[in-house]
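Asks:
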Amino acid sequence: MNEAPPPIRETIVKCPTCGGDSLYAQSNVFRPFCREACKNIDLGAWASETFRVPAPETDPLSDLDAPN
Ligand SMILES: [Zn+2]
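Position in the sequence shown counted from 1, then plus 352, gives you the working numbering.
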């Protein structure tokens, strides 16, 4: 059974960070934020309760420190 998620309906939402108009559409990769800066600012508080944002720029290799 293939249940593809329904396409996002384009609408204008309120940006959670700056409160301005944000285009909630598939073309807006920062949705529901209006821009990248707003997304980054709010990411910390946001991710703790609703984790739906994939880690953007984490390099797992840089986190490897072998304890020996
Ligand atoms: Zn904003």
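Even for Gly, the Cβ is constructed at its ideal location relative to N, Cα and C.
Looking at the secondary structure, which residues open and close the beta strand (DSSP E) in which Val365 lies?
Replies: Along the sequence shown, read from residue 1 onward, the residue named residue 365 stands at position 13. Val365 -> beta strand (DSSP E) spans 363-366.
Asks: What is the residue span of the beta strand (DSSP E) that Asp373 lies within?
Replies: For the purposes of this step, residue 373 is identified with residue 21 of the sequence shown, where counting begins at 1. Taken as a continuous stretch (DSSP letters only), the beta strand (DSSP E) holding Asp373 covers 373-376.
Asks: Leaving out five residues on either side along the sequence, give the residues of the same chain with a beta carbon under 8 Å from the beta carbon of Pro359.
Replies: What you label residue 359 is simply residue 7 of the sequence shown in a count that begins at 1. For Pro359, where only same-chain residues beyond five positions count, the Cβ hits under 8 Å are Gln378.
Asks: Is Cys386 helix, strand or coil when you go by DSSP?
Replies: The residue labelled residue 386 in the question sits at position 34 within the sequence shown. Correct three-state label for Cys386: coil.
Asks: Going straight from the alpha carbon of Ser374 to that of Lys366, what length do you get?
Replies: Counting from one through the sequence shown, the residue named residue 374 turns up at place 22. Counting from one through the sequence shown, the residue named residue 366 turns up at place 14. The straight-line gap from Cα to Cα measures roughly 6 Å.
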